[in-house]
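Residue numbers (the numbering used here): 19 to 102.
Each residue gets a CB set at the ideal place from its N, CA and C atoms; glycine is no exception.
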Amino acid sequence: MSRGALESKELQDYLKTDEQMKGFVDMAPYGWRYPGIPSGNQLNRVGRDISPIMKGEIGVQAWLADTQRTLQAMVDKDWEMLSS
């Protein structure tokens, strides 16, 4: 949750009526928010898929170069979508 959301009057008023939710919201600042990018799950999957290296199908440097191109294309697409 953003700081603005945590400090909003509406949320604070609601939390006075729901103790369980208040406990959850009180812990929110200690969590980590993932960036809000449309292809976030795809980016994570591509970055973790090292199976071609482990199978000896591709060298580490070639995998890194290919993965960088793939990830950059996803980020560029997200940037274009979010900035329009």
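Spell out a yes or no on whether the segment 89-97 and the segment 54-64 are touching, meaning 3 or more CB-CB pairs, one atom from each, closer than 8 Å.
-> Touching, yes.
If you draw a straight line from the C-alpha of W81 to the C-alpha of E37, how long is it?
-> As a working mapping, residue 81 is identified with position 63 in the sequence shown. As a working mapping, residue 37 is identified with position 19 in the sequence shown. If I take the Cα positions, the gap works out to 50 Å.
Give the range of the alpha helix (DSSP H) segment to which G22 is assigned.
-> Counting from one through the sequence shown, the residue named residue 22 turns up at place 4. First-last of the alpha helix (DSSP H) with G22: R21 to L24.
Counting only runs of 3+ residues fully inside the segment 28-94, write out the beta strand (DSSP E) ranges in chain order.
-> Qualifying beta strand (DSSP E) stretches: none in this window.
What's the C-alpha gap between D84 and K34?
-> For the purposes of this step, residue 84 is taken as residue 66 along the sequence shown, with counting starting at 1. For the purposes of this step, residue 34 is taken as residue 16 along the sequence shown, with counting starting at 1. If you draw a straight line from the Cα of D84 to the Cα of K34, it is about 52 Å long.
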